[in-house]
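Structure record follows, encoded as structure tokens.
Residue numbers (our numbering), protein chains in the order written: chain A, 156 to 437; chain B, 144 to 429.
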């Protein structure tokens, strides 16, 4: 059931700098914490006057009890102002917004996070790691930017790290690691001789160990997502996507995204932020 | 205390309307629409329109520039699937109509004729389409012809939404009045250009329309000028974010107001502004 998004007053519980320019904020906001699901976002008012005018959208990176966490990079005047926040500050939040990611079960889940893109994937991984076999691949330019790796490690999932400069994990980009992971998945599938049809594969997988039906979730810069789409063509795959947004609630038609193979636009805030890769032009 | 306003044959429960294109068709937040004077729907065209390519919204100091480009399902689909859901109790529904030709305005209106609709807002001021829109709104003769054609097509309330982009709205307001428009609304958005960090046009449509607090003083000026020049009611709007702004538009001579960009920041802004306004309605009003 869809709950009506509403404006809530949130209290800043803590603020940390995870890397230069990357800020993590925990907010106490029971009404949103109760209902928010992985993939959804909130819109934050930067100031109580009207400048900057629009709210700023952020994915939720974690939820615990009456709290949610957001992780963002300082990129403009809105995020720069929000980065100055201190515990005890009050924020005006509009949420929760957007369609949640599908909460899959009994699948081989591959999660691919590039840079700050790992934030919304953490929330997803937390919610699905018990019912699925999860492999998380995180990549960043260098060690310091490989954020949230402790949180992912705590989940007990298989974790592969890579950095462009080799300062942590494998040297290279995260999609190289994905190519390897997918090769292994294909191999396992072939060995178990399972059908390509997801429903049948599910039926066949009951009580078996080998080869669950794979699904890929990715979040990161656009070139990374493009590569993921290409590599994971034959699998069910989803992009956690980012788009310039007006209202976030569906009323302004400002966040149009071209849907693949048609001249129609979809309202990103209503259909996204988690979109099937086959449905969009990357 | 009653805040109701009557314009021609339509009674609005209070003077606050949701401006076209800033609240969709009201279906995301029906409980907000219900409390207000009414909603003006997104602009409806004869054929479906996909709208302009992204980006469609660009934030600037104290406002936004938009170039949505009248994305809408077209009149047939609107009548079949959207309009039947637009039931908002005592709040009135006005449908914003945008034709490519004079005849199209009448055609769209005839097709919509429904008891759910209290009236129509003739869009002769959209800056984000190639045909019609603001090009019509700069020409008083054309505005008159559009109003006349619409008049023949319906007996419902007719509001003409005027532009102040490179035309004196007094000229077009008089033309609308003479042709039988029951009211005029203004100022829609102010034509605008923005560039992104790489020096390319910031909006997918190339140019756009500025709205929000940045245009409020200009809007007040235009509303005052038009209100002094015509006898029909003026519906004012441009950058309203609080009840004080509403009072200023009433002071300038507006009978009702439209709130727009602030809906993007707070979908309940209409109710907040109404409640503030009701708490001290007389302080600045005439």
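Positions of the beta carbon are idealized from the N, C-alpha and C atoms, including for glycine. Small disclaimer: the values here were computed from a predicted structure and weren't measured.
Asked, Found
"Any 3 or more C-beta pairs closer than 8 angstroms across the stretch 226-239 of chain A and the stretch 182-197 of chain A", "no"
"Length-filtered (3 minimum) beta strand (DSSP E) runs lying within the stretch 314-356 of chain B", "326-329, 333-335 and 351-354"
"Cross-chain neighbours of residue 166 of chain B in chain A, by beta carbon under 7 angstroms", "406"
"Bridge-paired residues (DSSP) for residue 380 of chain B", "B:401"
"9 angstroms Cβ cutoff, residue 407 of chain B in contact with chain A", "yes"
"Uninterrupted alpha helix (DSSP H) stretches inside the stretch 264-295 of chain B (no shorter than 4 residues)", "277-280"
"C-beta atoms of residue 251 of chain B and residue 187 of chain B nearer than 9 angstroms", "yes"
"Straight-line Cα distance separating residue 244 of chain A from residue 334 of chain A", "44 angstroms"
"Reference residue 179 of chain A; option with closest CA among A:207, A:163, A:188 and A:224", "A:224"
"Same chain only: Cβ atoms within 6 angstroms of residue 186 of chain A, ignoring 5 sequence neighbours per side", "163"
"Cutoff 9 angstroms: residue 184 of chain B Cβ touching any chain A Cβ", "no"
"Interface flag, residue 249 of chain A vs chain B, CB-CB below 9 angstroms", "yes"
"Residue 330 of chain A burial status per 10 Å Cβ neighbour count (16 or more: buried)", "buried"
"Selected residue, minimal CA-CA separation from residue 326 of chain A, among A:310, A:416 and A:293", "A:293"
"CB of residue 382 of chain B within 9 angstroms of CB of residue 206 of chain B, strictly", "yes"
"Inter-residue CB distance, residue 267 of chain A and residue 283 of chain A (contact presumed, cutoff 8 angstroms)", "With a Cβ gap of about 15 angstroms, residue 267 of chain A and residue 283 of chain A do not count as contacting."
"Proximity test, Cβ basis, 9 angstroms: residue 323 of chain B and chain A", "no"
"First and last residue of the uninterrupted alpha helix (DSSP H) at residue 413 of chain B", "412-422"
"Chain D contact for residue 389 of chain B (CB, 9 angstroms cutoff)", "In the structure shown, chain D does not exist; the protein chains are A and B."
"Closer than 9 angstroms to chain A by CB, residue 194 of chain B", "yes"
"Own chain partners of residue 280 of chain A with C-beta closer than 7 angstroms, once the 5 adjacent residues on each side are dropped", "266, 289, 291, 307, 310 and 312"
"Helix, strand or coil at residue 380 of chain A [DSSP, three-state]", "helix"
"Cβ pair count under 8 angstroms reaching 3, the stretch 263-270 of chain B against the stretch 292-300 of chain B", "yes"
"Residues from the stretch 200-220 of chain A in contact with chain B, defined by Cβ distance under 8 angstroms", "200, 205, 206, 207, 208, 209 and 210"
"Proximal residues to residue 256 of chain B (C-beta, below 7 angstroms), its chain only, five neighbours per side dropped", "297"
"From B:415, B:176 and B:305, residue whose alpha carbon lies closest to that of residue 365 of chain B", "B:305"
"Element boundaries [beta strand (DSSP E), containing residue 245 of chain A]", "245-252"
"Proximity to residue 322 of chain A [Cα-Cα], best of A:372, A:301, A:338 and A:269", "A:301"
"Per-residue contacts from residue 162 of chain A into chain B (C-beta, under 7 angstroms)", "409 and 411"
"Beta-carbon proximity check, residue 424 of chain A vs residue 252 of chain A, cutoff 9 angstroms", "yes"
"Length-filtered (4 minimum) alpha helix (DSSP H) runs lying within the stretch 258-307 of chain A", "273-283"
"Residues near residue 318 of chain B in its chain [Cβ-Cβ closer than 6 angstroms; skip 5 each side]", "283, 286 and 287"
"Nearest neighbour of residue 259 of chain B, chosen from B:153, B:165 and B:393 [CA to CA]", "B:153"
"Status (buried if at least 16 other CB within 10 Å, exposed otherwise) for residue 349 of chain B", "exposed"
"Beta-carbon separation (whole angstroms), residue 204 of chain B vs residue 412 of chain B, contact threshold 8 angstroms", "About 20 angstroms; that fails the 8 angstroms criterion."
"Rounded straight-line distance, which links the Cα of residue 396 of chain A to that of residue 195 of chain B", "20 angstroms"
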